[in-house]
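Peer 1: Okay, handing you the structure first.
There are 2 protein chains.
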Amino acid sequence: MLTISLRGENMPPSPIRKLVPFAEAAKRKGIKVYHLNIGQPDIETPPAILDAVRNADIKVLEYSHSAGNESYRRRLVEYYKSVGIDIRHDQILITTGGSEAIQFGFFCCFNPGDEVIVPEPFYANYNGFACAAGINVVPITSQIETGFALPPIEDFEKVITNKTKGIIICSPNNPTGYLYSMKEMEALKAICLKHNLYLFSDEAYREFCYDGEYVSAMHLTGMDNHVVMMDTISKRYSACGARLGALVTKNKLVYDTAMKFAQARLSPPGLAQIMGEAAVDLPADYFEKPKAEYQKRRDALVSRLNAIPGVFCPNPGGAFYAIARLPITDSDHFCQWLLESFEHKHQTVMLAPASGFYGTAGLGKDEVRLAYVLNVEAIHSAMDCLEEALKVYPGKKQNATSGQLQSHI
Amino acid sequence: MLTISLRGENMPPSPIRKLVPFAEAAKRKGIKVYHLNIGQPDIETPPAILDAVRNADIKVLEYSHSAGNESYRRRLVEYYKSVGIDIRHDQILITTGGSEAIQFGFFCCFNPGDEVIVPEPFYANYNGFACAAGINVVPITSQIETGFALPPIEDFEKVITNKTKGIIICSPNNPTGYLYSMKEMEALKAICLKHNLYLFSDEAYREFCYDGEYVSAMHLTGMDNHVVMMDTISKRYSACGARLGALVTKNKLVYDTAMKFAQARLSPPGLAQIMGEAAVDLPADYFEKPKAEYQKRRDALVSRLNAIPGVFCPNPGGAFYAIARLPITDSDHFCQWLLESFEHKHQTVMLAPASGFYGTAGLGKDEVRLAYVLNVEAIHSAMDCLEEALKVYPGKKQNATSGQLQSHI
């Protein structure tokens, strides 16, 4: 019999996309669904970067250099300089989205059976790339009470084995919105140096920091060979569909190895590189507007959430996500119920159950992730739905305000 | 010490790109280099498909569906119908180039340690994707004397073990240009059914068949679950830089498994999908012109090659590649020498040493691959260079006309 591979069997389906059929069914019933479930911003892609593609004089759309067009990489050097990162163009490898940067990094640095530590909750697709590469994600739990700050270094020490080869962080974080401080970054540096670990740093959301300074892993000194930065223009310029990212590292061996994987797939997307290059020319204050908009949305979302009885949502310092604890016991059931069995004025809200962002089984069952990618008015409407839903949801905890205790029973 | 992965160490560098520094050096010396080394056509990308991107009304360049836009997949159903392939839109998974289709297929169907049989010479990047997936490519040799026809089925039987899980073919072939006949395809079908093997069919060049009928693996009946087709718009519409391909299979389990890998990387390139969808609207006779152009080039190239003493080049039935045997003993050295130490009227030619396309060590050392991606005039100039070069090359075989015998000593 024909069989599929074990890694294919073990490959996790997207925890975010599994509810899509229920959302589609709700829409067919005429219900308006507020999508707070996915990090697809509604912010306009800067027309100037789309115009760059429209105005490009292309006779033959050729393969680019496997590392991406040199002209684009040289412009990125300027961009990175503007965020305090000192890097050369031959230390930047252009990838198909941040996704491919993660994949190349995993393939280059880790052997099957190796372990990487990731503070949970974390970006669920790390699981998929880890599965493809045959490596094991070892979660250590960050706590909602601390706003999902870096877990104590002792927690890292406890799980480090001779198989441990790296730590993955994402700051500002998806799904928590937490922004690591310099102190936390220095703690990560110390443990990476002590145990000879790679520090994989996913910096997709660096432009969106509200209550603190953005600290890049590339800002840390004395650990150049340890840092592999994964980047993307998806969120920065609201251009998720372009599929353009970068793997950035000063470790020459990692870079040269990644280049071999890059050569095998020939080149990153060509039209998107034109967009990316044009983006470096956007005015210096370009980010002010989207950042202010996201902050307004965050403030609206978080204050509405915390005003609902039994709900707790720490204030995220960056990105455009928040994780909230709800007075429920099964967020998967609740999110499906919102789409299948609930409506408020012919409207409902789609959320992402947080369980999909935890590596430890059983965690996140009373939490949901909310992406504040809709305007303030829509957020208020969505929160109206959530508030009403929690009044009537049959799976609610008995004593809503003591939800935190009950979740540990 | 920080280490890179074993698969990263083992990952083969591109055999085609290693000569690039020598070509750059030649250009710096003012020498014109005819690039017959790489499958980057000079045929214009159809302006209509670039216009489709220019005219697209995009406010936010969003993630597409992980399988690609449904509208594009539905149009592809029509395209495939036009080439005799009967397929549904939910059996098509849009990928980032044909490269990602190969990668997804390998990840889904094969476990580390599994073996896939590939007639050699073959597309060198299969090695890279096999290395990433931890699978072993088992070559069986096709012969230049037969024009690189399918090796006898006994040769397949000889290497089949309990680890063998699939066969990879490419027809019309890169790098040989050979076009498998229906009889050869039926032979492949028989062996796949007998031994329960997947048939991976790389059909990147189907539009360019000159001396025979194109036969798709999808044309074979009674083996729907065995066939995984890998496709791309790169060569079809001279749009290599778009990075748009497809994995096509009627095997639902393989498709659903590939979808999990597709979800992890979110979506294929967005702007390219607009191009791909518009391409289906090109007039029915669109391919006539590029096909006639390639055929003219092939005829010029092959007749010039065979007129050079000691050179033999079988006439390729399709694609835009030919493999020629030269009166030399080390094609890597010869190709480098052409760039480093030779010029004819301030011109030289860049070729791909065929050794990089063989899995068996030592084969292809008297062969080169030529991509006829330049116009007829340029091809004649390039052949002038090659002809002159072979007169003076110091590494030439002593008796040029008996090169074939000598290569086996």
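Respectively, the protein sequence lines represent chains A and B. For the first sequence, the working numbering begins at 1 and goes up steadily by one. For the second sequence, the working numbering begins at 1001 and goes up steadily by one. In this text, a Cβ means the ideal position worked out from N, Cα and C, and glycines have one as well.
With 7 angstroms as the threshold, decide whether the Cβ of Asn60 of chain A is near any Cβ in chain B.
Peer 2: One point to set straight first is that residue 60 of chain A is Val, not Asn, in the sequence displayed. At least one chain B Cβ lies under 7 angstroms of Val60 of chain A.
Peer 1: Taking CB distances under 7 angstroms as the criterion, tell me whether Tyr1063 of chain B reaches chain A.
Peer 2: Chain A, which has a Cβ nearer than 7 angstroms to the Cβ of Tyr1063 of chain B, makes this yes.
Peer 1: What residues from chain A crowd round Gln1295 of chain B, counting only those whose CB sits closer than 9 angstroms?
Peer 2: Correct list: empty, because the minimum Cβ distance to chain A is about 20 angstroms.
Peer 1: For Ala1130 of chain B, is the beta carbon positioned less than 6 angstroms from some heavy atom of the ligand SAM?
Peer 2: Ligands displayed in this structure: none; no statement on the ligand SAM is therefore possible.
Peer 1: Smallest Cα separation from Pro15 of chain A: which of A:Asn315, A:Val77, A:Glu340, A:Gln336?
Peer 2: Among A:Asn315, A:Val77, A:Glu340, A:Gln336, the Cα nearest to that of Pro15 of chain A belongs to A:Gln336.
Peer 1: According to the Cβ coordinates, are Ala1292 of chain B and Ala1272 of chain B closer than 7 angstroms?
Peer 2: In this structure, Ala1272 of chain B does not lie closer than 7 angstroms to Ala1292 of chain B by Cβ.
Peer 1: Assuming Glu1207 of chain B is part of the alpha helix (DSSP H), what are its boundary residues?
Peer 2: Run containing Glu1207 of chain B: none; DSSP gives neither H nor E here.
Peer 1: Given that a residue counts as buried once 16 or more other Cβ atoms are within 10 Å of its Cβ, and exposed if not, what is Thr1045 of chain B?
Peer 2: Label assigned to Thr1045 of chain B: buried.
Peer 1: Rounded to whole angstroms, how far is the Cβ of Arg1325 of chain B from the Cβ of Ile1144 of chain B, which I believe are closer than 8 angstroms?
Peer 2: Rounded, the Cβ-Cβ distance is 6 angstroms, consistent with contact.
Peer 1: Compare the C-beta of Leu1002 of chain B with all C-beta atoms of chain A and state if any pair is closer than 7 angstroms.
Peer 2: Cβ-Cβ to chain A under 7 angstroms: yes for Leu1002 of chain B.
Peer 1: Figure out for me which residue from B:His1195, B:Pro1172, B:Ile1153, B:Cys1385 has the closest Cα to the Cα of Phe1342 of chain B.
Peer 2: Minimum Cα distance to Phe1342 of chain B is reached at B:Cys1385.
Peer 1: Taking only three categories from DSSP, how would you classify Pro21 of chain A?
Peer 2: In this structure, Pro21 of chain A counts as helix in the three-state DSSP scheme.
Peer 1: Measuring only between beta-carbons, confirm whether Cys108 of chain A sits less than 7 angstroms from chain B.
Peer 2: Yes, its Cβ sits closer than 7 angstroms to a Cβ of chain B.
Peer 1: Closest to Leu3 of chain A by CA distance: which of B:Leu1006, B:Cys1108, B:Glu1062 is it?
Peer 2: Looking at the sequence itself, residue 3 of chain A is Thr, so the reference to Leu does not match. Checked all of B:Leu1006, B:Cys1108, B:Glu1062; the closest Cα to Thr3 of chain A is B:Cys1108.
Peer 1: Just to confirm before moving on: does the CB-CB distance between Thr1360 of chain B and Gly1245 of chain B stay below 7 angstroms?
Peer 2: Going by C-beta atoms, Thr1360 of chain B is not nearer than 7 angstroms to Gly1245 of chain B.
Peer 1: Of the residues A:Leu351, A:Glu387, A:Lys391, which one's Cα is nearest the Cα of Ser175 of chain A?
Peer 2: Before going on, a small fix: residue 175 of chain A reads as Pro here, not Ser. Nearest option by C-alpha distance: A:Leu351.
Peer 1: Where DSSP assigns a beta bridge to Ser1201 of chain B, which residues make up the other side?
Peer 2: Paired residue(s): B:Ile1169, B:Met1229.
Peer 1: Can you find a CB in chain A that lies within less than 7 angstroms of the CB of Thr1257 of chain B?
Peer 2: Taking Cβ atoms only, chain A reaches closer than 7 angstroms to Thr1257 of chain B, which makes this a yes.
Peer 1: Do Gly1008 of chain B and Leu1179 of chain B count as a contact pair if the criterion is CB distance below 7 angstroms?
Peer 2: No, the Cβ-Cβ distance between Leu1179 of chain B and Gly1008 of chain B is not below 7 angstroms.
Peer 1: Report yes or no: is there a C-beta of chain A within less than 7 angstroms of the C-beta of Asn1136 of chain B?
Peer 2: Answer no: the Cβ-Cβ gap between Asn1136 of chain B and chain A never drops below 7 angstroms.
Peer 1: Would you mind reading off the limits of the alpha helix (DSSP H) that contains Met1223 of chain B?
Peer 2: Here Met1223 of chain B belongs to no alpha helix (DSSP H), and DSSP marks it neither H nor E.
Peer 1: Check each residue of the segment 219 to 236 of chain A: if its Cβ is closer than 7 angstroms to any Cβ of chain B, include it; give the result in chain order.
Peer 2: So the list reads Asn225, His226, given in the order they occur along the chain.
Peer 1: Inspect the beta-carbon positions of Met1230 of chain B and Ala1067 of chain B and report whether they are closer than 7 angstroms.
Peer 2: No, Cβ-Cβ distance for Met1230 of chain B and Ala1067 of chain B is not below 7 angstroms.
Peer 1: By the three-class DSSP mapping on this structure, what secondary structure does Arg1243 of chain B have?
Peer 2: In the structure shown, Arg1243 of chain B sits in coil (DSSP, three-state: anything other than H, G, I, E or B).
Peer 1: Which whole-angstrom value describes the C-beta separation of Glu277 of chain A and Ser99 of chain A, a residue pair presumed to lie in contact below a C-beta threshold of 8 angstroms?
Peer 2: Their Cβ separation, rounded to whole angstroms, is 20 angstroms, which puts Glu277 of chain A and Ser99 of chain A out of contact at 8 angstroms.
Peer 1: Could you check where the alpha helix (DSSP H) with Val118 of chain A kicks off and where it finishes?
Peer 2: Careful: Val118 of chain A lies outside any alpha helix (DSSP H), inside the beta strand (DSSP E) at 115 to 120.
Peer 1: Spatial neighbours of Leu61 of chain A within its chain, please: CB distance less than 7 angstroms, with the 5 preceding and 5 following residues excluded, ordered by chain position.
Peer 2: Closer than 7 angstroms at Cβ, skipping near neighbours: Gly270.
Peer 1: Considering only residues of the same chain and omitting the five flanking positions on each side of Gly1403 of chain B, which have a CB-CB separation below 6 angstroms?
Peer 2: At Gly1403 of chain B the pLDDT is 41, less than 50, meaning the model places this residue with poor confidence and gives no usable figure here.
Peer 1: Does any CB atom of chain B fall closer than 7 angstroms to the CB of Pro290 of chain A?
Peer 2: Chain B contact via Cβ: absent.
Peer 1: Just to confirm before moving on: does the CB-CB distance between Pro1316 of chain B and Gly1177 of chain B stay below 7 angstroms?
Peer 2: Yes, these two residues count as a Cβ contact at 7 angstroms.
Peer 1: Which stretch, first to last residue, makes up the beta strand (DSSP E) that contains Gln1347 of chain B?
Peer 2: Here the beta strand (DSSP E) through Gln1347 of chain B covers 1347 to 1350.
Peer 1: Leaving aside the five residues before and after Ile1130 of chain B along the sequence, list all residues of the same chain whose C-beta is less than 6 angstroms from its C-beta, in chain order.
Peer 2: Position check: residue 1130 of chain B holds Ala in this sequence, whereas Ile was assumed. Cβ neighbours of Ala1130 of chain B beyond the five flanking positions: Val1137.
Peer 1: When you check each C-beta in the segment 1309 to 1340 of chain B against every C-beta of chain A, which residues fall closer than 7 angstroms?
Peer 2: So nothing in the stretch comes that close.
Peer 1: So which of A:Ser355, A:Thr348, A:Thr329 has the shortest CA-CA distance to Lys29 of chain A?
Peer 2: Checking every option, the nearest Cα to that of Lys29 of chain A belongs to A:Thr348.
Peer 1: Could you give the DSSP three-state label for Tyr1393 of chain B: helix, strand or coil?
Peer 2: In this structure, Tyr1393 of chain B counts as coil in the three-state DSSP scheme.
Peer 1: So that I know if they touch, is there some Cβ in chain A lying closer than 7 angstroms to that of Ala1132 of chain B?
Peer 2: Interface residue, yes.
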